[in-house]
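For the sequence shown, the positions run 1397 to 1578 when my numbering is used.
All C-beta atoms in this analysis are idealised placements derived from N, C-alpha and C, irrespective of residue type, glycine included.
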Amino acid sequence: MTNPPEVRHLDVDDVYLVERIDRSEHVDVEYTVRDGQLAERPVSMSEIPPWDPFGTGPYSVAAEIAFCEPLVRSGATLLGAFDGAELLGLAIVDPAFEGPNAWLAFLHVSRPHRRRGVASALWSAAVEATRGAGATAMYVSAVPTGSAVGFYLSRGCELADSVHPDLYAMEPDDIHFLCTLT
Ligand SMILES: CC(C)(COP(=O)(O)OP(=O)(O)OC[C@H]1O[C@@H](n2cnc3c(N)ncnc32)[C@H](O)[C@@H]1OP(=O)(O)O)[C@@H](O)C(=O)NCCC(=O)NCCS
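Shown next as structure tokens:
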């Protein structure tokens, strides 16, 4: 990638682009929350594979699309980061999640394009998309890997005082963050 990523607002017909994300990752660090603080814990999966392109089970492209599509259909914003025609990453933000909170429901940068500011560009666009809805904070249920936790901490997110019960039930190992939007 030579240029800064271009972030575009996409629509529900573009959710299929999820299939172009290489979600694979080598994990060196994993976190949990202990006594209200982030603490390292043994890595549960050091090589996260790409999403299964054919099946329909957990961590398949089909399951990811089935998660994303209804969100976008019901009003969440789908954002794509591109370098020309090449997809670098995708994000989904629900600006009117609950009370004053928006929800960053999805954020993935394809493996070859990480650590070049793509997620930061998607985050900025997601924050911008919440402004009209009057959200004052962004709720994030983050996978507990070093990259995801490092990214959200870099955005100024803090551990949520109380976890959202439905999101916690979906992903009990996730780290739940709340980021005040300025
Ligand atoms: C987490 C993820 C979205 C970050 O995307 P990215 O485009 O690489 O992030 P950026 O380049 O914008 O990074 C911004 C900052 O986040 C932090 N960060 C990003 N990757 C990190 C890592 N591997 N370890 C620690 N901190 C990290 C750093 O502070 C970084 O700034 P720096 O590069 O100047 O040090 C990406 O690694 C990813 O898609 N991972 C797999 C899917 C995932 O975990 N998604 C989150 C689901 S909740």
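Practice task
Give a yes or no on whether 7 Å exceeds the smallest Cβ distance from G1546 to chain E.
Solution key: Looking at the structure shown, chain E is missing, and only one protein chain is on hand.
Handout entry: Contact test: R1416 Cβ vs ligand 1 heavy atom, cutoff 6 Å
Key = On the sequence shown, residue 1416 is found 20 positions in, with the first residue counted as 1. It does not: the Cβ of R1416 is nowhere closer than 6 Å to a heavy atom of ligand 1.
Exercise for the section: Below 6 Å CB to CB, which residues in the same chain sit around A1529 once its five sequence neighbours on both sides are set aside? Expected result: Counting from one through the sequence shown, the residue named residue 1529 turns up at place 133. For A1529, where only same-chain residues beyond five positions count, the Cβ hits under 6 Å are P1491, A1492.
Problem - Alpha-carbon to alpha-carbon, G1495 and R1527 - result: What you label residue 1527 is simply residue 131 of the sequence shown in a count that begins at 1. What you label residue 1495 is simply residue 99 of the sequence shown in a count that begins at 1. Roughly 14 Å separates the two Cα atoms.
Exercise for the section: Note down the Cα distance separating V1457 from R1419, rounded to an integer number of angstroms. Expected result: To locate residue 1457, count along the sequence shown from 1; it is residue 61. To locate residue 1419, count along the sequence shown from 1; it is residue 23. For V1457 and R1419, the distance between alpha carbons rounds to 10 Å.
Practice task
Would you identify the three-state DSSP class for W1499, choosing helix, strand or coil?
Solution key: One-based indexing of the sequence shown puts residue 1499 at position 103. Note: W1499 maps to strand in three-state DSSP.
Practice task
From the DSSP output, in three-state form, read off V1408 for me.
Solution key: Here residue 1408 corresponds to residue number 12 of the sequence shown, with the count starting at 1. Helix.
Problem - Residue from G1513, P1568, T1473, R1469 with nearest C-alpha to H1405 - result: Looking up residue 1405 in the sequence shown gives position 9. The shortest Cα separation from H1405 among G1513, P1568, T1473, R1469 belongs to T1473.
Handout entry: Environment of V1425 [buried if 16+ CB atoms lie within 10 Å]
Key = Indexing the sequence shown from 1 puts residue 1425 at position 29. With fewer than 16 Cβ atoms within 10 Å of its Cβ, V1425 is classed as exposed.
Handout entry: C-beta contact flag for V1403 and L1467 at 7 Å
Key = Sequence index remark: in the sequence shown, residue 1403 carries index 7 (1-based). Sequence index remark: in the sequence shown, residue 1467 carries index 71 (1-based). Contact flag unset, no.
Exercise for the section: Leaving aside the five residues before and after V1414 along the sequence, list all residues of the same chain whose C-beta is less than 7 Å from its C-beta, in chain order. Expected result: To locate residue 1414, count along the sequence shown from 1; it is residue 18. Closer than 7 Å at the Cβ level, and outside the excluded window around V1414, lie V1457, E1460, I1461, C1464, L1486.
Problem - Status (buried if at least 16 other CB within 10 Å, exposed otherwise) for S1442 - result: In the sequence shown, counting from the first residue as 1, residue 1442 sits at position 46. With fewer than 16 other Cβ atoms within 10 Å, it is exposed.
Practice task
Kindly give me the distance between the Cβ atoms of V1514 and P1445, rounded to whole angstroms, as I take these residues to be in contact under 8 Å.
Solution key: The residue labelled residue 1514 in the question sits at position 118 within the sequence shown. The residue labelled residue 1445 in the question sits at position 49 within the sequence shown. That belief does not hold up - the Cβ atoms of V1514 and P1445 are roughly 21 Å apart, past 8 Å.
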